[in-house]
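Let me begin by presenting the structure, written as C-alpha cells, before commenting on it.
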Amino acid sequence: MVDIVIRAPFRTPADGNRFSDALENFAKQQLRAHEPRIGFMLLKTEFADGVVTKLLTFEDLDQALAFLRYWRNEQTRRLQ
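Sequential numbering of the sequence shown, starting at 190, is according to the numbering used here.
Right, here's the structure in full:
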C-alpha cells in the first residue's frame, strides 16, 4: 500500500492552523457520515526558511481526495 502525501505550504502560521482545524472538522464529519472506519491520517508540520508546511498523509486515496474537496470548499467559503 502506498501512502498519499499532501504538501500544503502556508505564508503564516494562522493559515496552517486553519488547515489543521479543517482536517479535524473533516475527520469528525467522516465519522458522523460513515461507519466509523477512517483510515490512517497523519499530520506533520515543518517550518523552514520562514515557510510553514503541513504534510498530510493518508493511507486511502478516496479519503485524500475527499479531504482536498473539503479543503477547497472551506477556502472558497472563507473568501466569500
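All residues carry an ideal CB built from backbone N, CA and C; glycine is no exception. Quantities reported herein were computed from a predicted structural model and do not represent experimental measurements.
DSSP bridge partner residues for L231 (one or two, in chain order): Bridge partners of L231 according to DSSP: T246.
Segment contact, 8 Å Cβ cut-off, at least three pairs: the segment 195–205 with the segment 232–243: Below 8 Å, enough C-beta pairs join the segment 195–205 and the segment 232–243 to call them touching: three or more.
Residue-level contact to chain B via CB, R261, 8 Å cutoff: No chain B appears in this structure, which consists of one protein chain only.
Bridge partner(s) assigned by DSSP for V194: Listed as beta-bridge partners of V194 by DSSP are T246.
Rounded distance between the beta-carbons of D192 and F247, thought under 8 Å: With a Cβ gap of about 7 Å, F247 and D192 count as contacting.
Alpha helix (DSSP H) segment containing D204, residue limits: Unbroken alpha helix (DSSP H) run through D204: P202 to A222.
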